[in-house]
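Q:
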Amino acid sequence: MYKDLLKQIFILACFLPLLAHAEVFEKTLGNGLKVIVKEDHRAPVLVQQIWYRAGSMDESSGTTGIAHVLEHMMFKGTKSVPQGEFSKRIAAAGGRENAFTSYDYTAYFQQLHKDKLALAMKLESDRMHNLVLSETEFNKEVQVVMEERRMRTDDQPHALLFEKLMAMAYQEHPYQHPIIGWMNDLNTLTVADARSWYKRWYAPNNAVLVVAGDVKASEVFALAQRYYGGIPSRALPKRKTVSEPPQLGMKRFTVKAPAELPLLVMAYHAPTLRDAQKDSMPYALSVLAGVLDGNQSARLNKILVREQQIASSAGAGYDGTARGPSLFTLEGTPSEGVSVAELEAALREQIALLAREGVSPQELARVKAQVTANEVYKRDSVFYQAMQIGQMESIGLSYQDIPGMLSRLQAVTAQQVQDAAREILKDDNLIVAVLEPQALSGKPKRVNEGAIHAR
Amino acid sequence: MHAKLIVAVATSLILGVTTAAHANPIIQHWQAPSGAQVYFVENHDLPMLDVAVNFPAGSGFDTEDKSGLAGLTHALLELGAEGMSEDDIARQLADIGAQLGGYFDADRASVAVRTLSSRAERDEALAVLARVLQRPLFPETVLAREKMRLIAALKEAETKPESIAAKAFGKAVFGAHPYGLSASGEIASVEKLQRSDLDAFYSAHYGAKSAVVALMGDISRAEAENIAQNLTAQLPPGGASSEIAQVVLQSSASKLLIPHPATQSHILIGAPGVSRNDADYFPLYVGNYILGGGGFVSRLMQEVREKRGMAYSVYSYFMPMQQPGAFQIGLQTRKDQAEEALLLVNKTLRDFIERGVSEKELTAAKQNIINGFPLRIDSNKKILDYLSAIGFYRLPLSYLDDFPARINKVTVADISAAFRRKVNPDVMATVIVGAPEEINKTGHTEGAGK
Chain A
860 MYKDLLKQIF ILACFLPLLA HAEVFEKTLG NGLKVIVKED HRAPVLVQQI
910 WYRAGSMDES SGTTGIAHVL EHMMFKGTKS VPQGEFSKRI AAAGGRENAF
960 TSYDYTAYFQ QLHKDKLALA MKLESDRMHN LVLSETEFNK EVQVVMEERR
1010 MRTDDQPHAL LFEKLMAMAY QEHPYQHPII GWMNDLNTLT VADARSWYKR
1060 WYAPNNAVLV VAGDVKASEV FALAQRYYGG IPSRALPKRK TVSEPPQLGM
1110 KRFTVKAPAE LPLLVMAYHA PTLRDAQKDS MPYALSVLAG VLDGNQSARL
1160 NKILVREQQI ASSAGAGYDG TARGPSLFTL EGTPSEGVSV AELEAALREQ
1210 IALLAREGVS PQELARVKAQ VTANEVYKRD SVFYQAMQIG QMESIGLSYQ
1260 DIPGMLSRLQ AVTAQQVQDA AREILKDDNL IVAVLEPQAL SGKPKRVNEG
1310 AIHAR
Chain B
487 MHAKLIVAVA TSLILGVTTA AHANPIIQHW QAPSGAQVYF VENHDLPMLD
537 VAVNFPAGSG FDTEDKSGLA GLTHALLELG AEGMSEDDIA RQLADIGAQL
587 GGYFDADRAS VAVRTLSSRA ERDEALAVLA RVLQRPLFPE TVLAREKMRL
637 IAALKEAETK PESIAAKAFG KAVFGAHPYG LSASGEIASV EKLQRSDLDA
687 FYSAHYGAKS AVVALMGDIS RAEAENIAQN LTAQLPPGGA SSEIAQVVLQ
737 SSASKLLIPH PATQSHILIG APGVSRNDAD YFPLYVGNYI LGGGGFVSRL
787 MQEVREKRGM AYSVYSYFMP MQQPGAFQIG LQTRKDQAEE ALLLVNKTLR
837 DFIERGVSEK ELTAAKQNII NGFPLRIDSN KKILDYLSAI GFYRLPLSYL
887 DDFPARINKV TVADISAAFR RKVNPDVMAT VIVGAPEEIN KTGHTEGAGK
């Protein structure tokens, strides 16, 4: 769900682990493929991830969802590796594999024993330039994606609300389209759309290869040269940069769907990190999200759920690292007998309190203690460490920015947090989204007075 | 979007392990003076410590009229203890960057903490954990609020096709057995729960003698001994049986059709499967990899998704528990093709049981499970989870070391025999939520033909 994604990325942005530079090595091949190696010798395993700088934000109206459909098609075979063989070979090597598409990028990975890197590179490099896109397979796979869309979005009221929220928040920026695509577009996509997407974006000079685990950087570079080095680079289309114009006043909308409990989301347009050293607002907003919802004693849970018992759940999220703009969100489900309007008033009260009185030194220290501890905890996952590197590289920052970003987070002051709340959490900048529960029969549910039309 | 996340999740549900030629973690085991069983792996690679304390206190120890008691007791442990309000607990842990977590299923309830291993942080985190485990208060006001939140969540679950299906499936497979109870309880039973119920459940089920302490990370053996004792010395008397009643197989097939406005039908098929210590477990585990556990290469995935594009997610798994947990097949598909998908899945299952697997399939399964073993123990968190499972189910300390050999010696004939013993398609339960309109009209329950 998008909500979880926001939270997850916020955690990414806020709690980046300290990567000791000595353990990270990089090299760019002659064809433009950037190779980054993170050595970690705790266990005899490795992960290979290839990140293409092409996500749903690079799509056009009418063919939304093509980035993700192509991701599915990447498992359908090449000239030399027949349909189904990729997965079979990785499975026989004891590997796990998958892929994911986001607004900003598309990535593929395999987790394997440390001896199996050559196999993974052979297969991954092959499908970078030899993919076979057949019409029969394409038409079948689009059906799978439609089932995925039904499962993840159409039948999930919260996901539906967030899909509509993005569409409402962005009038010009392509973040208005869902990653999985509109059903209407999925119905009309053709194999030609997939071919043209593949040709446009799948090139070594549009990718970053990340290998992490029990490997030697020099050996990884040699293997990468051997398997990826011969793939010709290609001229990449000029990317259109779209910025979302300022919102000129509050927006508010409702989604009706079968559910029991309402959900209220208040989303504020917010910037993302463009220059890791010079920018400061994203750091302050990350800390602000931490103060509201970064731990069990954070404000929203403590005050709205536990003390006032206005909400049965409440949260906040902010993703400061993305190619495009971001949203700072507050959300909650009202307690039994509490209306959505009352919950909105309570959230607004918290925002006013932040603007008026700022945050305490203890709250600030608590958020920073999480940052410090999470730097250590994240080292328990080789996969996650590779994820961070790939993500940073794919959104226009560098893994080398990470230590500096951590210092900047640690340096955020209470005043900066208060200023950020004042500047960003303003009504003209706000979209209010309400999930209005419907009985399964399709008739409106009996709701508490005022629960529907929040004002 | 994680293209195959559901499959990954389904796969990870299977408690199973393998080994390769790499050195496995050395598991130290002893009994604390309190009576608790302790499992420890010393590892100083990262300056952190993970601890989990497990009890036979899952929802399998609930009764129908107090369904939800085990879960609520578990949830309230960290919401108030002697001398500490729920906010004190949350704040003290947050101040040092420690994370409180836990696990809950039909057999087991556990409380876990992850902390930096530096002395000040570690001591503080463990002090909070010790208090939470040994001096919980279950405050009335917190209980009232948490009951309200739980009831709201239960009402919400009653509208979600996947939750409706899971609940109906549990009932259909386990009947009146406690494994058929909803882990979170029912609205009516939760409403009636009192503080005295939680106190009594805690006293009976959280005793030191049935506690299993798992420790993984940056401490010495001597420190681990002290920690384990301090976490369990003042636990309540305990004394409730840790045995779950015997699961009885259903005597006939059932098919339950539940209407729902969703665009997809959610289909679950299954029956009680295998217990944690059953000799058939390994052949079933390997066989299920071939049937529906092995991601893209499984037969169900090939038939339903790869060949026909009928579903995004289709899987099968065994949930090995103290008593036979569910064997379950699941998928979601567009309503108008639900019956067709169901026929296909049933045919694939019958075919699997009647004809068994090929040598080639078996080899591929073994390759994946054995070669992939290092990935199962490549983090402190994963090793901690194995320590808990090994301790809780009294598996041999050599469990991880033995696993590849046990996988390797499974034969084609073993798989056929084990599946015929444990999986009978004629007595399976089928639940369809969001059933196609035309069959909705025929009513709710109908006996299913073969």
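Same order as they appear, the protein sequences are chains A and B. Numbering-wise (my numbering), the first sequence opens with residue 860 and increments by one. Numbering-wise (my numbering), the second sequence opens with residue 487 and increments by one. We put the CB at the ideal spot given by N, CA and C, even for glycine.
1. Could you please give the first and the last residue of the uninterrupted beta strand (DSSP E) stretch that includes Gly703(B)?
2. So which of Lys886(A), Leu1120(A), Leu1123(A), Ala902(A) has the shortest CA-CA distance to Asp864(B)?
3. In this structure, does DSSP put Leu824(A) in helix, strand or coil?
4. Any beta carbon of chain B sitting closer than 9 Å to that of Met1010(A)?
5. When the Cα atoms are used, what is the spatial distance from Val1074(A) to Thr1180(A)?
6. With a threshold of 9 Å between beta carbons, is Val1235(A) in contact with chain B?
7. Any beta-carbon of chain B closer than 9 Å to the one on Glu1119(A)?
8. Please report the distance separating the alpha-carbon of Leu684(B) from that of Leu701(B).
9. May I have the straight-line CA-CA distance separating Glu789(B) from Leu817(B), to the nearest angstrom?
10. Answer yes or no: do Ala827(B) and Ile753(B) have a C-beta to C-beta separation smaller than 9 Å?
11. List the DSSP bridge partners of Tyr801(B).
12. Mind listing which residues of the stretch 955-985 of chain A have their C-beta closer than 7 Å to chain B's C-betas, in chain order?
13. With a threshold of 8 Å (Cβ to nearest heavy atom), would Glu1195(A) be considered close to the ligand ATP?
14. Taking the continuous alpha helix (DSSP H) assigned at Asp1014(A), which residues delimit it?
15. Following the continuous alpha helix (DSSP H) through Asn1043(A), name the residue where it begins and the one where it ends.
16. Look at the Cβ atom of Leu1186(A), then the Cβ atom of Gln1209(A), and state whether they are nearer than 9 Å.
17. Anything in chain B within Cβ reach of Ser1240(A), meaning under 7 Å, just list it in chain order.
18. So, with DSSP's three-state summary, where would you put Phe1187(A)?
19. Does DSSP classify Asn540(B) as helix, strand or coil?
20. In the DSSP output, what is Phe526(B) paired with across the bridge?
21. Taking the alpha-carbon positions, what's the Val1004(A) to Val1293(A) distance?
22. Looking at the C-beta of Ala881(A), does it have a partner C-beta in chain B at a distance below 9 Å?
23. Shortest alpha-carbon distance to Arg631(B) belongs to which of Gln1168(A), Gly1174(A), Asn1043(A), Gly1089(A)?
24. For the alpha helix (DSSP H) that His560(B) lies in, which residues bound it at each end?
25. Does the distance from the CB of Phe804(B) to the CB of Asp593(B) come in under 9 Å?
26. Do Ile909(A) and Leu1163(A) have their C-beta atoms closer together than 9 Å?
27. Determine which residues of the stretch 893-904 of chain A have a Cβ less than 8 Å from any Cβ of chain D, and write them out in chain order.
28. Could you check the C-alpha separation between Glu994(A) and Gly779(B) for me, to the nearest Å?
29. Hey, how far is the Cα of Ala638(B) from the Cα of Ile705(B)?
30. Taking the alpha carbon of Ser1102(A) as the point to measure from, which residue in Trp1041(A), Ala952(A), Ser1139(A), Thr1131(A) has its own alpha carbon closest?
31. Kindly indicate if chain B contains any beta-carbon less than 9 Å away from that of Leu1339(A).
32. Under a three-way DSSP split, which group does Pro758(B) fall into?
33. To the nearest angstrom, report how far apart Ala507(B) and Phe768(B) are at their CA atoms.
34. Per DSSP, what are the beta-bridge partners of Val883(A) in this structure?
35. Quick check: what's the CA-CA separation for Glu1022(A) versus Glu711(B)?
36. Using a beta-carbon distance below 9 Å, is Arg600(B) in contact with chain A?
A: Taking the definition as stated:
1. The sequence position of residue 703(B) within the second sequence is 217, counting from 1. 698-703 is the extent of the beta strand (DSSP E) around Gly703(B).
2. Indexing the second sequence from 1 puts residue 864(B) at position 378. It is Ala902(A).
3. A question about residue 824(A) goes unanswered here, because the residues of chain A that appear run from 860 up to 1314.
4. Your numbering for residue 1010(A) matches position 151 in the first sequence. At least one chain B Cβ lies under 9 Å of Met1010(A).
5. The residue you call residue 1074(A) lines up with position 215 of the first sequence. The residue you call residue 1180(A) lines up with position 321 of the first sequence. In a straight line, the C-alpha of Val1074(A) is about 29 Å away from that of Thr1180(A).
6. As a working mapping, residue 1235(A) is identified with position 376 in the first sequence. Yes, Val1235(A) lies at the interface with chain B (some Cβ there is under 9 Å from its Cβ).
7. Along the first sequence, one-based indexing puts residue 1119(A) at 260. At a cut-off of 9 Å between beta carbons, Glu1119(A) contacts chain B.
8. Sequence index remark: in the second sequence, residue 684(B) carries index 198 (1-based). Sequence index remark: in the second sequence, residue 701(B) carries index 215 (1-based). Annotation: Leu684(B) to Leu701(B) spans about 27 Å, alpha carbon to alpha carbon.
9. Taking the first residue of the second sequence as 1, we reach residue 789(B) at position 303. Taking the first residue of the second sequence as 1, we reach residue 817(B) at position 331. In a straight line, the C-alpha of Glu789(B) is about 12 Å away from that of Leu817(B).
10. As a first step, residue 827(B) is located in the second sequence; it is residue number 341 there, counting from the start. As a first step, residue 753(B) is located in the second sequence; it is residue number 267 there, counting from the start. Cβ atoms of Ala827(B) and Ile753(B): closer than 9 Å.
11. Position 315 of the second sequence, counting from 1, holds the residue named residue 801(B). Within the DSSP bridge table, the entry for Tyr801(B) names Gly816(B) as partners.
12. Listed by position along the chain: Arg955, Asn957, Ala958, Phe959, Thr960, Gln970, His972.
13. The ligand ATP is not part of this structure, which contains no ligands at all.
14. Start at 1 with the first residue of the first sequence, and residue 1014(A) comes out as number 155. If you look at Asp1014(A), you'll find it isn't in any alpha helix (DSSP H); DSSP assigns it neither H nor E.
15. As a working note, residue 1043(A) is residue 184 in the first sequence. Looking at the DSSP string, the run of the alpha helix (DSSP H) that includes Asn1043(A) is 1042-1047.
16. Within the first sequence, numbered from 1, the residue matching residue 1186(A) stands at position 327. Within the first sequence, numbered from 1, the residue matching residue 1209(A) stands at position 350. For the 9 Å CB-CB criterion, Leu1186(A) and Gln1209(A) do not form a contact.
17. For the purposes of this step, residue 1240(A) is taken as residue 381 along the first sequence, with counting starting at 1. Identification of chain B residues near Ser1240(A) by a Cβ-Cβ cut-off of 7 Å yields Ser865, ordered along the chain.
18. Here the question's residue 1187(A) lines up with position 328 in the first sequence. Under the three-state reduction of DSSP, Phe1187(A) is assigned to strand.
19. Mapped onto the second sequence, residue 540(B) falls at position 54. Strand, per DSSP.
20. Stepping through the second sequence from its first residue, residue 526(B) is reached at position 40. DSSP lists Gln514(B), Leu701(B) as the bridge partner or partners of Phe526(B).
21. Residue 1004(A) sits at position 145 when you count from the first residue of the first sequence. Residue 1293(A) sits at position 434 when you count from the first residue of the first sequence. Linking Val1004(A) to Val1293(A) through their CA atoms gives a straight-line distance of about 27 Å.
22. Counting from one through the first sequence, the residue named residue 881(A) turns up at place 22. Bear in mind that a pLDDT of 48 at Ala881(A), under 50, signals an unreliable position, so the number given afterwards is only what the model happens to contain. Output row for Ala881(A): interface = no.
23. For this step, residue 631(B) is matched to residue 145 along the second sequence. When only C-alpha atoms are compared, the closest one is Gln1168(A).
24. Residue mapping note: residue 560(B) aligns to position 74 of the second sequence, counting from 1. Judged by DSSP secondary structure, His560(B) falls within the alpha helix (DSSP H) whose first and last residues are 555-562.
25. Along the second sequence, read from residue 1 onward, the residue named residue 804(B) stands at position 318. Along the second sequence, read from residue 1 onward, the residue named residue 593(B) stands at position 107. No; because the gap between Cβ atoms is not below 9 Å, this pair is not in contact.
26. Taking the first residue of the first sequence as position 1, residue 909(A) is located at position 50. Taking the first residue of the first sequence as position 1, residue 1163(A) is located at position 304. Their beta carbons are not under 9 Å apart, which means Ile909(A) does not touch Leu1163(A) by this criterion.
27. The structure shown contains no chain D; the protein chains it does contain are A and B.
28. Stepping through the first sequence from its first residue, residue 994(A) is reached at position 135. Stepping through the second sequence from its first residue, residue 779(B) is reached at position 293. Roughly 29 Å separates the two Cα atoms.
29. Numbered from 1 along the second sequence, position 152 holds the residue referred to as residue 638(B). Numbered from 1 along the second sequence, position 219 holds the residue referred to as residue 705(B). So the two alpha carbons sit approximately 42 Å from each other.
30. Within the first sequence, the letter at position 243 stands for residue 1102(A). Of the listed residues, the one whose Cα sits closest to Ser1102(A) is Thr1131(A).
31. This structure leaves residue 1339(A) out entirely; chain A is present only between 860 and 1314.
32. What you label residue 758(B) is simply residue 272 of the second sequence in a count that begins at 1. Strand, per DSSP.
33. Mapped onto the second sequence, residue 507(B) falls at position 21. Mapped onto the second sequence, residue 768(B) falls at position 282. For Ala507(B), the pLDDT reaches just 42, beneath the cut-off of 50, and the residue's location in the model is therefore unreliable, although a value from the coordinates is still provided. So the two alpha carbons sit approximately 20 Å from each other.
34. Counted from its first residue, the first sequence places residue 883(A) at position 24. Answer is Lys897(A).
35. Looking up residue 1022(A) in the first sequence gives position 163. Looking up residue 711(B) in the second sequence gives position 225. C-alpha separation (whole angstroms): 52 Å.
36. By one-based count along the second sequence, residue 600(B) stands at place 114. Interface residue, yes.
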